[in-house]
DNA sequence: ATACTGTATTGATCTATATCAGACATTTGT
DNA sequence: ACAAATGTCTGATATAGATCAATACAGTAT
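Residue numbers (my numbering), protein chains in the order written: chain A, 86 to 330; chain B, 86 to 330.
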């Protein structure tokens, strides 16, 4: 039985959204916020496993994740090789890749039932011309994505499997903690396959490395549940012995 | 004897720049172009080997490459591992990484004597509010960088050494050709070390793979001079046997 | 409870690429 | 013109992680 999402559009308000300190409204005055409410047209549900957009889709809007968890990926033109390019959580903006050619160049897939705010890009541009704070914030969001991708490139270009996985865990926990969740416990939303694709290693290596961290008492892991026992040890793996040089 | 760049600022004009179809002025009306001239404050020379900016530098301006060739890189915090994140040629904009935290997060190093147009970011934002075409173009430039980095992530995450090098050559020749240079001949500006860092492989593997392509009659290579003999063969390596699936 | 399906773990083996090392080529400085 | 420094090429060997394969586990349906 395949679930399909209800096309269920309802009014939203940034001004009293619990994510306003993480999402698009950052730094806007109450007045500006009121105007922002008007550009966020609708809230759209996306069920687990569904695609919010796919490579080749026409680009019209950015999306702010209100609830849920997404992965973005691109697929090789020839064979179907998938490369996961990122995992996105609440308050994050997805779809920036679509601006340059008015076409999406990646896939965004919900890893749990989700809700996104639809931000028509025309409206964002219009309002950005009016509000310097929003303009600045949009530029920062795009720049942040560029910097994030630089870090992924660094990870894939220079790091060993253990370093990659340590970096991945630290990043995930940090972002999760910023959203008010536990600093030490998480339930992963993505499969070992997804993690491996993101980190440029196989799912077997992901599994083995998790087990190794577990044997060393750094983490506790049971399937998708992860608890960090020694965060310093993870940081040490990620940033090895700087004291020795 | 270490050469240092002359601080030599001279007036420039986008409106009669030979790069106006590649660079910031794309899509601007003659009127808008006139205004753009006023935000491009100065032209700044950067000698081969010099840094235009470094990780940690304060961010004030974007830079448009007028002449010359750059690499951008980031270095691991602990040891000095360098990861080359891109190679930039004339007409391209660098410094976008600095917007998010008003600090540059990468290094931009000239690989040959260069000249950049300094674009104070405050002015760009001011003018973007006035000219929708410039605003749209800035958004596209940032989005294009996000898409480019996605492709690098794909390359590093899923491709073999031969595929990476084929992709690298095709991309470099294509961009060079767009600037009016030969479709089949190039003199590389970067070392084997730089190429290897960019592609996540060692310089030895770069060298060996070049030699292999040469033995197979796909390219001719003598140190930094490269001629492509069979472009289709390179495309085939980059996009292997789609006909077989 | 039992079978079924997708996901995760663990082990044995293989391989692409790293590492180490030496020869050669090119550029730079004197 | 020569020496030194830097960059490139090629060979021999080592290794991190891939691949292949079998088992175990969790969630859902029968």
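From the three backbone atoms N, C-alpha and C, an ideal C-beta is built for every residue, glycine too.
All values derive from a computational prediction rather than experimental measurement.
Name the two residues that bound the continuous beta strand (DSSP E) containing residue i.
i	result
residue 228 of chain B	Run containing residue 228 of chain B: none in the beta strand (DSSP E); it sits in the alpha helix (DSSP H), 217 to 243.
residue 205 of chain A	199 to 205
residue 194 of chain B	192 to 195
residue 150 of chain A	146 to 152
residue 138 of chain A	136 to 138
The alpha helix (DSSP H) spanning residue i covers which residue range?
i	result
residue 115 of chain B	115 to 124
residue 290 of chain A	288 to 300
residue 267 of chain B	Where residue 267 of chain B is concerned, there is no enclosing alpha helix (DSSP H), given that its DSSP letter is neither H nor E.
residue 110 of chain A	Premise fails: residue 110 of chain A is in no alpha helix (DSSP H) and is neither H nor E.
residue 319 of chain B	316 to 323
residue 281 of chain A	277 to 284
Leaving aside the five residues before and after residue i along the sequence, list all residues of the same chain whose C-beta is less than 7 Å from its C-beta, in chain order.
i	result
residue 312 of chain A	269, 270, 304 and 305
residue 191 of chain B	140, 157, 158, 159, 170 and 182
residue 319 of chain B	251, 254, 255, 303 and 313
residue 110 of chain A	99, 118 and 121
residue 224 of chain A	none
residue 89 of chain B	Interpretation of residue 89 of chain B is limited by its pLDDT of 38, a score under 50 that renders its predicted location unreliable; the figure taken from the coordinates is listed afterwards. Excluding residues within five positions, none has a Cβ falling inside 7 Å.
residue 145 of chain A	205 and 206
residue 298 of chain B	304
residue 164 of chain A	none
residue 290 of chain A	246 and 281
Looking only at DSSP bridge pairs, what is residue i linked to?
i	result
residue 171 of chain B	B:157
residue 310 of chain B	B:272 and B:307
residue 130 of chain A	A:200
residue 178 of chain A	A:149
residue 416 of chain B	The question about residue 416 of chain B has no answer here: the residues shown for chain B are numbered 86 through 330.
Considering only residues of the same chain and omitting the five flanking positions on each side of residue i, which have a CB-CB separation below 6 Å?
i	result
residue 278 of chain B	288
residue 195 of chain B	131, 133, 135, 153 and 155
residue 249 of chain B	240 and 284
residue 107 of chain A	176
residue 180 of chain A	147 and 148
residue 274 of chain A	154, 196 and 197
residue 94 of chain A	Any answer about residue 94 of chain A is weak, because its pLDDT of 42 lies below 50 and its placement is not dependable; what the coordinates show is given next. Cβ within range, chain order: 127.
residue 138 of chain B	189 and 193
residue 142 of chain A	189
residue 178 of chain A	147, 149 and 226
residue 286 of chain A	246
residue 129 of chain A	201 and 203
residue 172 of chain A	156
With a CB to CB cut of under 8 Å and the five nearest residues on each side skipped, what residues in its chain are close to residue i?
i	result
residue 292 of chain A	277
residue 112 of chain B	218, 221 and 222
residue 105 of chain B	99, 111 and 118
residue 267 of chain B	261
residue 212 of chain A	120, 121, 124 and 219
residue 380 of chain B	The requested residue 380 of chain B is not part of the displayed model; chain B covers only 86 to 330.
residue 264 of chain A	107, 174, 175 and 176
residue 244 of chain A	252
ask   = If contact means a Cβ-Cβ distance below 9 Å, which residues of the region 217 to 232 of chain B contact chain A?
value = The residues in question are 217, 220, 221, 223, 224, 225, 226, 227, 228, 229, 230, 231 and 232.
task = Compile a chain-ordered list of the residues in the region 152 to 163 of chain B whose CB is closer than 8 Å to at least one CB of chain A.
result = Cβ contacts with chain A: 159, 161, 162 and 163.
key: Where the region 262 to 283 of chain B meets chain A: residues whose CB sits under 9 Å from a CB there   = Hits within the stretch, in order: 282 and 283.
Residues within the region 126 to 151 of chain B neighbouring chain A, beta-carbon criterion of under 8 Å = When C-beta distances to chain A are compared with 8 Å, every residue of the region 126 to 151 of chain B stays at or above that value.
request  = Please name the residues in the region 173 to 202 of chain A whose beta-carbon is closer than 9 Å to at least one beta-carbon of chain B, in chain order.
outcome  = Result list: 181, 182, 183, 184, 185, 186, 190 and 191.
request  = Closer than 7 Å, Cβ to Cβ, to anything on chain B: give me those residues from the region 235 to 252 of chain A, in chain order.
outcome  = Per Cβ criterion, the list reads 235, 237, 238, 239, 241, 242 and 243.
inquiry  = Output needed in chain order: residues of the region 286 to 302 of chain B with a Cβ under 8 Å from some Cβ in chain A.
reply    = Taken residue by residue, none of the region 286 to 302 of chain B has a beta-carbon sitting less than 8 Å from a beta-carbon on chain A.
ask   = For the region 100 to 123 of chain B, which residues have a CB atom closer than 9 Å to at least one CB atom of chain A, in sequence order?
value = Within the region 100 to 123 of chain B, no residue has a Cβ that lies closer than 9 Å to any Cβ of chain A.
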